[in-house]
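One structure is given below, encoded as structure tokens.
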Amino acid sequence: MSEPEQLNNRIAVVTGATAGIGRATSLALASQGASVVVNGRRGDRLDALVAEIESAGGRAFAVTGNACEQSVIDAMLDGAKSAFGREADLVVINAGRGLGGSIMTSDPDQWDSIFEINVMAAARMLRSAGQRLVGQCPESDPVAKPRDIVVLGSNVGRHISPFSSVYGSSKFAVGALAEATRRELGPKGVRVTLIAPGIVLSEFQEVAGYTDELVDGFKEKFEPLLEPEDIARMISFVVTQPAGVHACDIVIRSTRQDYP
Ligand SMILES: NC(=O)c1ccc[n+]([C@@H]2O[C@H](COP(=O)([O-])OP(=O)(O)OC[C@H]3O[C@@H](n4cnc5c(N)ncnc54)[C@H](OP(=O)(O)O)[C@@H]3O)[C@@H](O)[C@H]2O)c1
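For the record, in the sequence shown the residue sitting at position 177 is 221 according to my numbering, with numbers rising by one throughout.
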């Protein structure tokens with residue numbers, strides 16, 4: 045039986061690494077030996093993250109900028125090669141944001157930006173990373189080594205509710221993009237994985253405009269809620285499986301979260 049892969053020889057890119065799940069995932073991957081390109085718009089936070097990874101003996105490189113922009117996507121993928129000497133083989137498409145409210149009650153001025161980061165930016169990175177990762181796979185043995193793209197969907201991308209109509213729809217869409225890309229690239233040797241978390245305590249709730257009462261209600265009903273490290277651990281699990289094994293579609297909730 046093959047042993048699970050560790051990450052010593054992996055070059056990773058993580059979008060949205062200045063907070064929450066992306067930050068925790070960057071730290072987790074680096075602690076397992078991966079060299080990590082980290083991205084986000086807040087450069088001071090990225091610099092602190094790079095320093096934290098390096099002080100623990102790891103390797104990291106910051107690309108500050110908006111993950112919606114193709115030039116920033118290219119800078120992340122080019123940065124992997126220039127900083128670490130090889131193309132990335134593990135890309136985590138995590139940058140995103142929520143928006144509370146329904147079609148009737150949410151702010152329509154924010155709808156475009158939700159779809160731009162949660163869907164369009166993900167599609168651009170799927171295409172750019174997918175092209176580069178497929179290019180690394182030998183036709184003679186496509187799964188000689190693991191190559192991964194991990195996409196953050198959401199539990200509310202499966203169980204659409206009026207509480208988060210627009211956000212949930214954007215995550216439904218990115219789930220479709222991930223599955224379509226899995227079908228296209230899996231046979232060529234690239235694993236494309238959808239991770240669909242339930243409620244995770246992070247900056248997400250504030251950015252999405254959730255009230256304190258709403259968050260307190262989640263805590264009361266579902267505690268202990270998930271922490272970003274719980275999602276990072278699941279991502280590590282997926283990408284350390286042998287190259288021919290793919291846990292491709294994972295929902296992760298706190299045990300007491302019944303719905304959504
Ligand atoms: N928390 C949850 O309950 C939950 C549940 C299901 C799915 N998710 C998904 O998980 C992912 C991470 O969420 P989180 O909980 O970690 O949220 P978070 O704590 O708010 O972190 C979001 C990260 O995305 C970055 N980001 C946002 N827009 C960006 C852009 N245009 N360009 C580059 N970076 C950008 C932010 O960095 P900057 O502001 O510095 O750019 C930040 O690092 C998202 O896709 C979210 O939809 C979250």
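Ideal placement from N, C-alpha and C gives every residue a C-beta, glycine not left out.
Identified DSSP bridge partners for residue i
i, result
"residue 218", "Partner(s): none; residue 218 has no beta bridge."
"residue 103", "79"
"residue 57", "81 and 135"
"residue 309", "The shown model of the chain, from 45 to 304, leaves out residue 309, and the question about it has no answer."
"residue 296", "241"
"residue 145", "208"
"residue 108", "84"
"residue 51", "Note: residue 51 sits in no beta bridge, so no partner."
"residue 270", "244"
Cβ neighbour criterion (16 or more within 10 Å) applied to residue i
i, result
"residue 45", "Below a pLDDT of 50, predicted positions are generally treated as unreliable, and residue 45, at 48, falls in that range; no measurement from the model is reported."
"residue 225", "buried"
"residue 126", "exposed"
"residue 115", "exposed"
"residue 53", "exposed"
"residue 272", "buried"
"residue 276", "buried"
"residue 267", "exposed"
"residue 91", "exposed"
"residue 182", "exposed"
Residue i CB to nearest heavy atom of ligand 1 below 7 Å
i, result
"residue 196", "yes"
"residue 243", "yes"
"residue 112", "yes"
"residue 272", "yes"
"residue 89", "yes"
"residue 98", "no"
"residue 306", "An answer regarding residue 306 cannot be provided, because it is not within the stretch 45 to 304 covered by the chain."
"residue 213", "no"
"residue 255", "no"
"residue 251", "yes"
"residue 205", "no"
"residue 60", "yes"
"residue 246", "yes"
"residue 74", "no"
"residue 354", "Since the displayed the chain opens at 45 and closes at 304, residue 354 lies outside it and no answer follows."
"residue 63", "yes"
"residue 139", "yes"
"residue 66", "yes"
"residue 53", "no"
"residue 279", "no"
Presumed contact (8 Å Cβ cut-off) between residue i and residue j, rounded CB distance
i, j, result
"residue 74", "residue 67", "Not really, about 11 Å apart at Cβ, beyond 8 Å."
"residue 162", "residue 214", "4 Å"
"residue 136", "residue 56", "7 Å"
"residue 191", "residue 180", "6 Å"
"residue 147", "residue 198", "With 8 Å as the limit, residue 147 and residue 198 do not qualify as a contact, their Cβ atoms being about 17 Å apart."
"residue 170", "residue 221", "6 Å"
Residue i Cβ short of 7 Å to ligand 2 heavy atom set
i, result
"residue 142", "As presented, the structure is devoid of ligand 2, carrying ligand 1 as its sole ligands."
request  = Identify every run of the alpha helix (DSSP H) within the segment 173-252, keeping only runs that are complete inside it and at least 4 residues long; order them along the chain.
outcome  = 209-229 and 248-251
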